[in-house]
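See below for the structure under consideration.
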Ligand SMILES: Nc1nc2c(ncn2[C@@H]2O[C@H](COP(=O)(O)OP(=O)(O)OP(=O)(O)O)[C@@H](O)[C@H]2O)c(=O)[nH]1
Ligand SMILES: [Mg+2]
């Protein structure tokens, strides 16, 4: 499916009726600054999801309507140390509520890992939780333009040791590599 229209619907700070209206949801989750908003922009060929160079910017759940058919759900980043204690807890609760503590279902979840950094402890917990809740998710590896071939292979091996059989989707929003593969798998 080709994306022909994208519309920002809402910034959600609590559970919302949008999540139970029957529209298939594709959720993007990952560490703060990993490139979630940039990925949504690149996939939709737009600048609709504000991508900032200041990590921790997305502090609410931003919902976008794609082709009048599916929602792209841009979740706030986890693990950002500069957000205050209470703020961090609120963000964690919001993510957990949307992904795990509710009856909301996602058509697909895209767990984004920075390929250069590899899987942090927080990434590993998110991976484990998604698996434990039997969520249908893919792992997308961001910012691969920042590595040379040998660094890339080394990091891939390291990540695969943790993720096992799970399919990996390396991509870059700078070189636009890997984007079609991600679109194809999430929009099925
Ligand atoms: N080199 C490179 N930089 C990228 C890529 N994707 C995103 N970035 C940069 O990474 C930074 C963070 O990108 P965002 O898309 O705002 O990240 P985010 O995950 O939405 O961040 P939060 O909303 O804070 O959770 C920005 O400076 C982007 O320009 C990529 O593929 N390659
Ligand atoms: Mg963001």
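Residue numbers (the numbering used here): 75 to 262.
Beta carbons are placed, not taken as given, at the ideal position from N, Cα and C, and that holds for glycine.
Outcome for residue i when other beta-carbon atoms lying within 10 angstroms are tallied against a minimum of 16
i: residue 199; result: exposed
i: residue 87; result: exposed
i: residue 78; result: exposed
i: residue 112; result: buried
i: residue 239; result: exposed
i: residue 258; result: exposed
i: residue 132; result: buried
Three-state secondary structure (DSSP) of residue i
i: residue 189; result: coil
i: residue 115; result: helix
i: residue 253; result: helix
i: residue 223; result: helix
i: residue 93; result: helix
i: residue 106; result: coil
i: residue 259; result: helix
Ligand 2 heavy atom lying under 8 angstroms from the CB of residue i
i: residue 166; result: no
i: residue 124; result: yes
i: residue 197; result: no
i: residue 110; result: yes
i: residue 151; result: yes
i: residue 188; result: no
i: residue 148; result: yes
Any non-hydrogen atom of ligand 1 closer than 8 angstroms to residue i Cβ
i: residue 81; result: no
i: residue 135; result: no
i: residue 247; result: yes
i: residue 257; result: no
i: residue 100; result: no
i: residue 132; result: yes
i: residue 141; result: no
i: residue 107; result: yes
i: residue 192; result: no
i: residue 162; result: no
i: residue 85; result: no
i: residue 220; result: yes
i: residue 217; result: yes
Identified DSSP bridge partners for residue i
i: residue 139; result: 81, 145
i: residue 172; result: Paired residue(s): none; residue 172 is not in a bridge.
i: residue 244; result: 215
i: residue 182; result: 100
i: residue 86; result: 135
Close Cβ partners of residue i (< 7 angstroms) along its chain, the five nearest in sequence each way excluded
i: residue 174; result: 203, 207
i: residue 137; result: 83, 84, 86, 92, 145, 147
i: residue 253; result: 116, 117, 245
i: residue 81; result: 138, 139
Residues near residue i by beta carbon distance below 8 angstroms, same chain, minus five either side
i: residue 115; result: 121, 122, 123, 125, 247
Close beta carbons around residue i, own chain, < 6 angstroms, minus the five adjacent residues each side
i: residue 268; result: The shown model of the chain, from 75 to 262, leaves out residue 268, and the question about it has no answer.
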